[in-house]
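Under our numbering, the residue at position 464 of the sequence shown is numbered 464, and the numbers go up by one with no gaps. Heads up, the beta-carbon is just placed ideally off N, CA and C, and yes, glycines get one too. Since this is a predicted model, take the numbers as computed values, not measurements. Here's the structure we're looking at; comments come further down.
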Amino acid sequence: MKNPLSPEWLEIPADPNLLDSKIWPRTAARSAAGEMSIGGIAVSDLVRQFGSPLYVVDQEDFESRLLMASRAFSDAANKIGTSAKVYYASKALLTTDVVRWVDAAGLSIDVSTSGELAVALAGGIDGSRIGLHGNNKSLVEIGRAVAANVSAIVIDSEIEIERIASVAGAQDKIQPVRIRVNSGVHAYTHEYLATAREDQKFGIAISDVPALVAKIRSHSHLKFLGLHSHIGSQIFVVDGFVAAAERLIDLHAELLAKGDVPELNLGGGFGIAYTANDRPMPLDEMAGRITTAVKAKCDALGIAVPKLAFEPGRVIAGPAGVTLYSVGTTKDVQVSDQGAGATRKYVSVDGGMSDNIRPALYEAEYLATIASRSSSATPALARVVGKHCESGDIVVRHSYLPSDVEVNDLLAVAATGAYCFSLSSNYNFLPRPAVVAVKGSKAQLLVRAETEADLLMRDAGFESKEA
1 MKNPLSPEWL
11 EIPADPNLLD
21 SKIWPRTAAR
31 SAAGEMSIGG
41 IAVSDLVRQF
51 GSPLYVVDQE
61 DFESRLLMAS
71 RAFSDAANKI
81 GTSAKVYYAS
91 KALLTTDVVR
101 WVDAAGLSID
111 VSTSGELAVA
121 LAGGIDGSRI
131 GLHGNNKSLV
141 EIGRAVAANV
151 SAIVIDSEIE
161 IERIASVAGA
171 QDKIQPVRIR
181 VNSGVHAYTH
191 EYLATAREDQ
201 KFGIAISDVP
211 ALVAKIRSHS
221 HLKFLGLHSH
231 IGSQIFVVDG
241 FVAAAERLID
251 LHAELLAKGD
261 VPELNLGGGF
271 GIAYTANDRP
281 MPLDEMAGRI
291 TTAVKAKCDA
301 LGIAVPKLAF
311 EPGRVIAGPA
321 GVTLYSVGTT
331 KDVQVSDQGA
341 GATRKYVSVD
351 GGMSDNIRPA
361 LYEAEYLATI
371 ASRSSSATPA
381 LARVVGKHCE
391 SGDIVVRHSY
401 LPSDVEVNDL
411 LAVAATGAYC
421 FSLSSNYNFL
431 PRPAVVAVKG
441 SKAQLLVRAE
451 TEADLLMRDA
461 GFESKEA
């Protein structure tokens, strides 16, 4: 009988040890003894070497997804007689080694702060394959971007036109720019993940764009590339992308009357499966339907199809990542007002909202499994929680785990490659975990784990006893 506390979408798994390939990285597997391995390395070996919690990135999966995204958009663009430039959205997951993977795959990279730009440049990618975003770019950030010869700076407000023009002029350069347009399309996603609604911080209203483009074109140190749209994140259906593209192409056609508009950037936000209930559209199908709509709209307006650009991030990094935790306590909590059988097993782990804030921030759902062994025990409705002093410190809100889950088990949480390390914090003074890449039975440290000493050294009032 299904637990009355279980949401309707959550099915009792026939086999809680199964690793669904739609959710787990491509090299995730179980040994004959039942232990999970990733990249050919047992999870217990990874935890012994790098500690727990631990972010693990399946490098083979990540690299294959880079190529998959590049092919999906390039092939779709070629079919309508144009080309596509693909930027990896670095906010999903960024380290210097990740930059090297992106570079080797031939993609460009999208950054939104001076810090992200510094990592991209430190990873060795050429500035001509970097795009700079952000709704509040400082003169220092703009200056660094112009000096690095970035391929485009996305303008998010009128004041940035003068900022970029003055910096480019001071460096005697011509800086290519795009305008981020608030298309007004309401993407079907969480409110905080929708970025093209009228009442939010990103973008410029369609009605204001022509005047601002004229202003850009008046500056000799700026080159107008075209329009940019980003309607949100974790989107499963294509309709919003098509609607935004059609609105931007109407505007694109209007702007063509007074000058060149070579490109159209339709952003990213393509969703992934976090649970068995999620049904994202395959990326190649999504790309094909968007580009087909672009072609149809351009044909209807009698204009040439521009060069296109896209910015996938989560769809590359998310499924390639797994977070490993150690179980510290378990307890069964009976919810008396929900009837017979309304018991939830709380499984506490050694991390929490400091290494994955998304469940607290977006009510995001994840999937967990016992990784250090398999189990034939009856599945029990469980909630995986962290060790922070917050009732909202939830890692996995709804999941069925084997009822014999116990202290010292290792748990793996799937699809944590995007926006977990990037959003991590030191809440409750917890050091952030290490980030490790695995491939071909070898592990490579991408980011070392923090220590309490690291955190104390930033405290100006702290005096080391060793000093």
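Here Ala342 is not near Leu121, since their CB atoms are 8 Å or more apart. Judged by their CB atoms, Ala368 and Val413 are nearer to each other than the 8 Å cut-off. In the same chain as Ala317, and ignoring 5 residues on each side of it, the C-beta atoms closer than 6 Å to its own belong to Ala92, Leu93, Gly417 and Ala418, in chain order. In the same chain as Ile142, and ignoring 5 residues on each side of it, the C-beta atoms closer than 6 Å to its own belong to Arg163, Ile164 and Val167, in chain order.
For a cut-off of 8 Å, the C-beta gap from Ile155 to Val177 is around 5 Å, short enough to register as a contact.
Per DSSP, the continuous beta strand (DSSP E) segment holding Lys442 begins and ends at Lys442 to Val447. Going by DSSP, Asn78 is part of no beta strand (DSSP E) but of the alpha helix (DSSP H) stretching over Gln59 to Lys79. Annotated three-state conformation of Asp15 is coil, per DSSP.
Taking Gly51 as the centre and dropping the five residues before and after it, the same chain places the C-beta of Pro433, Ala434 and Ala449 closer than 8 Å to its C-beta, in chain order. Look at Ala104 here: in three-state DSSP terms it is helix. In the same chain as Phe73, and ignoring 5 residues on each side of it, the C-beta atoms closer than 7 Å to its own belong to Ala84, Val86, Ala287 and Phe310, in chain order. Taking every protein chain shown into account, the CB of Met457 has fewer than 16 other CB atoms within 10 angstroms, so this residue is exposed. Sixteen is the threshold: since fewer than 16 other Cβ atoms of the shown chains lie within 10 Å of the Cβ of Arg279, the residue is exposed. In the DSSP assignment, Ala382 falls outside any alpha helix (DSSP H) and within the unbroken beta strand (DSSP E) covering Pro379 to Val385. For the options Gly127, Ile161 and His221, the alpha carbon positioned closest to that of Lys137 is the one of Ile161.
Judged by their CB atoms, Gly313 and Tyr88 are nearer to each other than the 8 Å cut-off.
When beta bridges are read from the DSSP output, Ser37 appears opposite Ala29 and Ala42. Taking 8 Å as the upper bound for CB-CB distance, Val327 and Asn408 are in contact here, some 6 Å apart.
For secondary structure counted as the beta strand (DSSP E) over 3 or more consecutive residues, the stretch 318-379 holds these complete runs in sequence order: 321-334, 343-349 and 368-370.
Residue Gly39 holds the alpha-carbon nearest to the alpha-carbon of Ala437 among Pro319, Gly39 and Arg26. With a threshold of 16 other beta carbon atoms within 10 Å, Pro359 meets it and is buried.
DSSP, read as helix, strand or coil, puts Leu5 in coil. Taking C-alpha positions only, Val43 is separated from Ser220 by approximately 57 Å. Phe202 carries a coil assignment under DSSP once its states are collapsed to helix, strand and coil. About 31 Å separates the CB atoms of Ala152 and Tyr274; that is not less than 8 Å, and the two are not in contact.
Collapsing the DSSP output to three states places His228 in a strand. For Val167, the uninterrupted alpha helix (DSSP H) segment begins and ends at Ile159 to Ala170. When secondary structure is reduced to three states using DSSP, Ala276 falls in the coil class, being assigned neither helix nor strand. Comparing alpha-carbon positions, the option among Asp20, Lys173 and Ala147 lying closest to Ser114 turns out to be Ala147.
Going by DSSP, Arg217 is part of no beta strand (DSSP E) but of the alpha helix (DSSP H) stretching over Val209 to Arg217. Assigned with DSSP and collapsed to three states, Arg289 falls in helix. Distance between Ala257 and Val213, taken at the CA atoms: about 12 Å. Rounded to the nearest whole angstrom, the CA to CA distance from Val395 to Asp15 is 22 Å. Distance between Ser90 and Val315, taken at the CA atoms: about 12 Å. Taking all protein chains shown into account, Asp332 has fewer than 16 neighbouring C-beta atoms within 10 Å of its C-beta and is therefore exposed.
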